[in-house]
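Asker: I have a structure I would like to understand better, so I am pasting it below and will then ask my questions one at a time.
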Amino acid sequence: MNSFPFSIAELALSSQYVLPLLILLGAGLLLMLLDAFGAAKFLPWVAGAAFLLSAGVAWTQGAPAGRLAFFGMMETGGIAPIVHAFLCLSGLLTLFFLSDYLDRHDRHISDVYALLVFAVLGMSLMANAHDLIMTFIGLETMSMCLYIFAALFKTELKSNEAGLKYFLLGSFASAFLLYGIALIYGITGTTNFSLLASPERIEIIQSQQTVFYVGAGMLLVGLLFKVSAFPFHFWTPDVYEGTPTPLAGFMATGSKMATFVALGTLMHQLDMFQNTKLLSVVGLASLLTMIYGNIVASRQQNIKRMLAYSSIAHSGYVLLGLCASQSGMEAMLFYMFIYTLMNIGAFGMLGMVEHDYPDTELENWRGMGQKAPLFAVAFSLFLFSLAGIPPLAGFMGKYEIFIAVIREGLLLPAIVGILASIVGVYYYLRVIVVMFFSKSGETSALLPSASRIPLAGAAILVVLVLVLGIFPSLILNPITQALSGLSQATAVLP
Amino acid sequence: MMDFFTPNVYSYLAVSALMFALGAVGVMTRRNGIVVFMCIELMLNAVNLALITFSRMHNDPAGSILVFFVMCVAAAEAVVGLSIVLAIFRNKLNIDINQVNIFKW
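Chains as they are written, first to last, in this note's numbering: chain A, 1 to 494; chain B, 495 to 599.
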C-alpha cells in the first residue's frame, strides 16, 4: 500500500482518469469568476454546458472496473462513469427550472449555479470513492452546498429554518459517520476499500466484531441520514418544504443517488457487510421507511410536503433493492435514474406554479386541469410515474427492484413493499383528482409560469419518462454492462 | 498502580469517546443554536483525537492526514453554519432553536 515515491506519470494518468471531475471543478471556479465580473445572465448556460460536457466525457470514457486514480483513492472505471453522467444529468435538469424560479421570486442569487456544480462534484466524489477518506470528503462537499441551498432565501423565515435544521442535523450525522470511519480505521489500520476487502483485514474484522459493529453501525447512521431512511428521516419534510422547490428536487434525487451508490459499494463490493447482521438492519430500515413514508404522505395537505414524504418512501424501495446483491445494485441505479427524471419533473413543475410558500397547498390547485390543461396533464404524468403505474418509467423502476428482491428469496419484504406502494397510489391520485375533478367555482388565480425554458425541461422529462417506460433497456443495458465487471473490482492496488 | 497513570492507547480512546458522548448529549439538550454547533465541533474533535491515536498505534500516516481533512471540513462547516445562524438572528433577534418551529406535520 506504500505508493511512495509516486511518479509524475501516474499523477498525469490519474488526472486523465478524473477528467470529468476536473471539468466540473474548472467550471465551478469559472462560474464564480464570471459572477464576480458581472456576467450573471450567462451563468446557467455555462453550468449547463459544463454538465453536458462532463457527462459526455464520462460516458464515452467508460472503462473496466478497478481502474483506480490517485493511488487507490478514486474508482474511475466500472459504474463510476455512468454514475457520474447520471449525477450531471440531475444537475442539468435542475437548471431548467432553477433560473425561472429565482426570477419569479425576484431573488437573483447567481452563486447558486457555482454551488450546483460543486454539489454534483461532491456527489460524484462520494459515489465513486475507493477510500473512506474520499467518501467523507465527497459527502461533506455535497452537504455544504445543500445546506446553503436550504437556506438560500435568507430573509425568509421558512428558508432559515430549513437551513438551520438541515445544517445542525446533517453535521451531527456526519460526526457519527466520521467516528465510524475512525473505528474501522482503528481496527484495520486502513481506509482503502481494496485493502479493507483483503483476507487478512477480514480476519482482523472477524476477531474484533464488537468494535467493527459499532464502527460500521455509525457509518451506516451517517449514510442512512443522508437518504432519509426511517429513524433518521425527520428532517426531510421540513427541509424540503423550506428549500426553493427546484433545488429540493435536486436534493431528493442527486444527493440520494450518490449516497445510495456509496452505500451499495460499501455493502457489496467490500464484503464488509456481507453475512453480517448489518444487512438485516438495512432491510428493516427499508421496510419501516416505506411504510412510514407512504402512510404519512397520504395525510399531507401540501403538495411539496407530500412529495417530501413520498421521497422518504422511495428511499425505502431503493434500500430494499440494495439488500439484494448484484442485481439489486443494478435495479438501484436504474430506479434512481428514473426517480431523478420524474422527481425533478414533479418538483420543477410544482416550482413553476409557486410564487409564495402557500401556493403549494393542495387546496390552491383546484381546477388546474381546466386553467392549464397541458400543464396539469404533464404534472399528472410525473405523479402517475411516481406512483408506479404502467406504462410509465416509474413502473419499470419498481418492477426491477421488486424482481431483484424476489429473486434473492426475500419474498415477505417484497410483498410489504408492494403493499406500501399501493398505499402510495392514493396520495398521488388525490392531487390529480383535485386538479381535474373539483368544482371549478372555487378556483384560485394560480397559473403556471409561461417561461420557455422550464416548459422545455418539462417536455424533455415527459418524453424521457414515456420512452423509458416502454424501452427501459436503453438505460438498463449500459448499467448491466458497467456492473458486469464489478465483481473483479476489488483487484489490486498499483 | 503506576500503569494506571501512564497514558496508553486506551486512555486516549476513552477521552475521545467521552468527548464524543458529551458532544452528542449537548446537541440533544442545549437550545442555543451556537452552543449546539459548538457541541458538534466537540464531536468532530473527539474523532480527531481517536484518529490520531489510531494513526500512532498503527504507525500509519493515513489517520493523521484524515485529521487535516476533518479540520478543513469543520472550518468550512463553521462558515456555512454561522452564516445560517446569522440569517436567523437578523430575522428573529434570537437563536433559540425551540423558536425555529414553523414547520409541523
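Every residue, glycine too, gets a C-beta built ideally from N, C-alpha and C.
Less than 8 Å between CB atoms is the rule here; does I528 (chain B) satisfy it with respect to chain A?
Answerer: no
Asker: Exposed or buried, which one is D238 (chain A) when buried takes at least 16 other CB atoms within 10 Å?
Answerer: By the neighbour-count rule (16 or more Cβ atoms within 10 Å), D238 (chain A) is buried.
Asker: Assuming the contact rule is C-beta atoms closer than 8 Å, Y240 (chain A) and A229 (chain A) should be a hit. Round their C-beta distance to whole Å, please.
Answerer: Contact flag wrong, Cβ pair sits at about 15 Å.
Asker: Taking P370 (chain A) as part of the alpha helix (DSSP H), name the residues at either end of that continuous run.
Answerer: Pro is not the amino acid found at residue 370 (chain A); the sequence shown has Gln there. First-last of the alpha helix (DSSP H) with Q370 (chain A): M368 to K371.
Asker: Under the rule that 16 or more other beta-carbon atoms within 10 Å means buried, what is L374 (chain A), buried or exposed?
Answerer: By the 10 Å Cβ count, L374 (chain A) comes out exposed.
Asker: Identify the residues that DSSP records as bridge partners of E354 (chain A): which are they?
Answerer: Answer is none; E354 (chain A) lacks a bridge partner.
Asker: Any beta carbon of chain B sitting closer than 8 Å to that of Q488 (chain A)?
Answerer: Annotation note: pLDDT 44 at Q488 (chain A) (below 50); position unreliable, no value reported.
Asker: Would you call the CB atoms of V211 (chain A) and L177 (chain A) closer than 8 Å?
Answerer: no
Asker: Excluding sequence positions up to five away, which residues of its chain have a Cβ less than 7 Å from the Cβ of K165 (chain A)?
Answerer: W235, D238 and V239
Asker: Would you give the residue range spanned by the alpha helix (DSSP H) that I591 (chain B) belongs to?
Answerer: Here I591 (chain B) belongs to no alpha helix (DSSP H), and DSSP marks it neither H nor E.
Asker: Go ahead and label V433 (chain A) buried or exposed: buried means 16 or more other beta carbons lie within 10 angstroms of its beta carbon, across all protein chains shown.
Answerer: exposed
Asker: How long is the line joining the alpha carbons of L411 (chain A) and L220 (chain A), rounded to whole angstroms?
Answerer: 24 Å
Asker: Would you say G397 (chain A) and F471 (chain A) are within 8 Å of each other, going by their C-beta atoms?
Answerer: no
Asker: Considering only the beta carbon of each residue, do T340 (chain A) and L89 (chain A) sit closer than 8 Å?
Answerer: yes
Asker: How would you write the range of the alpha helix (DSSP H) that T523 (chain B) sits in, first residue to last?
Answerer: V503 to T523
Asker: Where do the ends of the alpha helix (DSSP H) carrying V18 (chain A) lie?
Answerer: Segment: none, V18 (chain A) is in no alpha helix (DSSP H) and carries neither H nor E.
Asker: Candidates A:T191, A:L146 and A:L22: which alpha carbon is nearest G506 (chain A)'s?
Answerer: With chain A represented from 1 up to 494, any question about residue 506 (chain A) goes unanswered, as that position is not in the structure.
Asker: Among A:P390, A:G122, A:W59 and A:F384, which one has its Cα closest to the Cα of G28 (chain A)?
Answerer: A:G122
Asker: Since S159 (chain A) contacts A151 (chain A) with CB under 8 Å, what's their CB separation in whole angstroms?
Answerer: 6 Å
Asker: Taking only beta-carbon positions, decide if Y179 (chain A) is within less than 8 Å of chain B.
Answerer: It does: the Cβ of Y179 (chain A) has a partner Cβ on chain B nearer than 8 Å.
Asker: Starting from F531 (chain B), find everything on chain A with Cβ-Cβ shorter than 9 Å and list it in chain order.
Answerer: F167, L168 and S171
Asker: At the level of alpha carbons, what is the spacing between A511 (chain B) and Y185 (chain A)?
Answerer: 15 Å
Asker: Whole angstroms is fine: what's the gap from G62 (chain A)'s alpha carbon to N128 (chain A)'s?
Answerer: 13 Å
Asker: The ligand COA heavy atoms versus the CB of I582 (chain B): any closer than 7 Å?
Answerer: Ligands displayed in this structure: none; no statement on the ligand COA is therefore possible.
Asker: Let me check understanding here. Comparing Cα to Cα, which of A:L320, A:K304 and A:G264 lies closest to L288 (chain A)?
Answerer: A:L320
Asker: Rounded to the nearest angstrom, what separates A324 (chain A) and V405 (chain A) at their Cα positions?
Answerer: 5 Å
Asker: Rounded to a whole number of angstroms, what is the C-alpha to C-alpha distance between Q16 (chain A) and V57 (chain A)?
Answerer: Distance between the alpha carbons of Q16 (chain A) and V57 (chain A) is about 11 Å.
Asker: Throw me the rounded Cβ distance for the L447 (chain A) and K371 (chain A) pair, which I believe falls under 8 Å.
Answerer: 6 Å
Asker: Shortest alpha-carbon distance to A450 (chain A) belongs to which of A:V353, A:L483, A:A414 and A:F436?
Answerer: A:V353
Asker: Among B:L536, B:R525, B:V574 and B:A515, which residue has its Cα nearest to the Cα of M154 (chain A)?
Answerer: The sequence as given places Lys at residue 154 (chain A); Met does not occur at that position. If we check each option's Cα against that of K154 (chain A), B:V574 comes out closest.
Asker: Look up E553 (chain A) in the DSSP assignment and say whether it is helix, strand or coil.
Answerer: Given a span of 1 to 494 for chain A in the structure shown, any question on residue 553 (chain A) remains unanswerable.
Asker: Does the CB of L538 (chain B) have a neighbour CB from chain D at under 8 Å?
Answerer: You won't find chain D in this structure, because its protein chains are A and B.
Asker: Look up L25 (chain A) in the DSSP assignment and say whether it is helix, strand or coil.
Answerer: helix
Asker: Any contact between the segment 281-301 of chain A and the segment 412-429 of chain A? By contact I mean 3 or more CB pairs, one from each, below 8 Å.
Answerer: Contact holds: three or more Cβ-Cβ distances are below 8 Å.
Asker: I believe G18 (chain A) touches T76 (chain A) by the beta-carbon criterion, under 8 Å. Please report the beta-carbon distance rounded to the nearest angstrom.
Answerer: A small correction: the amino acid at residue 18 (chain A) is Val; Gly does not occupy that position in the sequence shown. V18 (chain A) to T76 (chain A), Cβ: 6 Å. Contact.
Asker: Would you identify the three-state DSSP class for E156 (chain A), choosing helix, strand or coil?
Answerer: DSSP, reduced to helix, strand and coil, places E156 (chain A) outside both helices and strands of the structure shown, so it counts as coil.
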